[in-house]
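Residues are numbered in the working numbering as their position in the sequence shown, beginning at 1, plus a constant of 156.
Just so it is clear, CB atoms sit at the ideal spot from N, CA and C, and this is done for glycine as well.
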Amino acid sequence: MRIPCYCSFYIRILPVRSGRSVIATSHTHRISTRPGLFASRSTTNSLNGNMSTSTYTGATPADMKVDPRIVAFFERFYAVSDDPTAHEDYAQSFLPDADFAMGAKKTKGYEGILTLRQGLWSGPIKSRKHKLSKIFPFGAGSNELMLYGTVDYGLKNGKAVTCEWAARAVMAEGQQGQLKFKLYQVYVVRLLLAVMLLPIGKTNSPPHHFLLDVSPLPSMTILQ
Numbered sequence: 157m158r159i160p161c162y163c164s165f166y167i168r169i170l171p172v173r174s175g176r177s178v179i180a181t182s183h184t185h186r187i188s189t190r191p192g193l194f195a196s197r198s199t200t201n202s203l204n205g206n207m208s209t210s211t212y213t214g215a216t217p218a219d220m221k222v223d224p225r226i227v228a229f230f231e232r233f234y235a236v237s238d239d240p241t242a243h244e245d246y247a248q249s250f251l252p253d254a255d256f257a258m259g260a261k262k263t264k265g266y267e268g269i270l271t272l273r274q275g276l277w278s279g280p281i282k283s284r285k286h287k288l289s290k291i292f293p294f295g296a297g298s299n300e301l302m303l304y305g306t307v308d309y310g311l312k313n314g315k316a317v318t319c320e321w322a323a324r325a326v327m328a329e330g331q332q333g334q335l336k337f338k339l340y341q342v343y344v345v346r347l348l349l350a351v352m353l354l355p356i357g358k359t360n361s362p363p364h365h366f367l368l369d370v371s372p373l374p375s376m377t378i379l380q
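See below:
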């Protein structure tokens, strides 16, 4: 059974001539944009060695200069995010004094980020597959960004969940000139997933019994 859940996310309104539609509810905002407003890229998927459009390659505004290292950074970062063994690589994507927030969980520095990352794989999640849809820079050449995408979760109880997610990132150069996170903050929606997390055969309540709220629920940030 696939159960959708949603995270609140930032929308930057850009002027277009026509063909744009906005659908909004009290908890989520979905936006469809006329082709051409964002530039998408194709890349080689180095994880499986074939030519494809990577799900980790985010589209950027076609009329705005974006440091190409930013796109490459997130391609690698979300591939690392989906690798349950790459804890050190994940933590090394941050500056030594970087701030990291996952919903209500906040930490700072390598050791704290490493511990939080390990905790993300110690709960009900068996697999993750991120898709980075769009990258929204604060301005031309800016290293402050908003990100939007989806993630498919495979749960240890055999179920599957797809969530929308959003994040704020501030990038800076490390000692060797490579980009790293100075700040990375993931925004989550409070979602009661007790039914989803129960073992197979134990579910008695339908999905509409879930509680959806815009407040972060610390115990559920394990899903991110």
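Check, Outcome
"For the pair the region 263–275 and the region 294–302, tell me if three or more CB-CB distances fall below 8 Å.", "no"
"Considering just the uninterrupted stretch of the alpha helix (DSSP H) at A228, what are its terminal residues?", "224–237"
"Which same chain residues end up closer than 6 Å to D308 when comparing Cβ atoms and leaving out the 5 residues on each side of it in sequence?", "K285, T318"
"Ignore the nearest five residues each way along the sequence and tell me which others in I281's own chain have a CB closer than 6 Å to its CB.", "Y309"
"A215 bridges to which residues according to DSSP?", "K290"
"Do L251 and G330 have their beta-carbon atoms positioned less than 8 Å apart in this structure?", "yes"
"Take the Cβ of A257 as the centre, count every other Cβ of all protein chains shown within 10 Å, and call the residue buried at 16 or more, exposed below.", "buried"
"Secondary structure at Q341, three-state DSSP: helix, strand or coil?", "strand"
"Could you check how far apart the C-beta atoms of L339 and D255 are, in whole angstroms? I think they sit under 8 Å.", "5 Å"
"Going by C-alpha to C-alpha distance, which of G297, Q332, Q341, R232 sits closest to D219?", "G297"
"Let's test the definition: count the other Cβ atoms within 10 Å of the Cβ of S198 and tell me whether it reaches 16, buried, or not, exposed.", "Bear in mind that the predicted position of S198 carries a pLDDT of just 44, short of 50, making it too unreliable to give a figure here."
"Note down the Cα distance separating H243 from K221, rounded to an integer number of angstroms.", "32 Å"
"State buried or exposed for S237, treating a residue as buried only when at least 16 other CB atoms are found within 10 Å of its CB.", "buried"
"Flag this pair as yes or no: are the beta carbons of F230 and Y246 separated by less than 8 Å?", "no"
"Determine whether the beta carbon atoms of L288 and Y234 lie at a separation below 8 Å.", "yes"
"Cα separation between L335 and K261?", "24 Å"
"Out of F294, L272, R273, K315, state which residue places its alpha-carbon closest to the alpha-carbon of D223.", "F294"
"May I ask you to report which of helix, strand or coil DSSP gives T263?", "strand"
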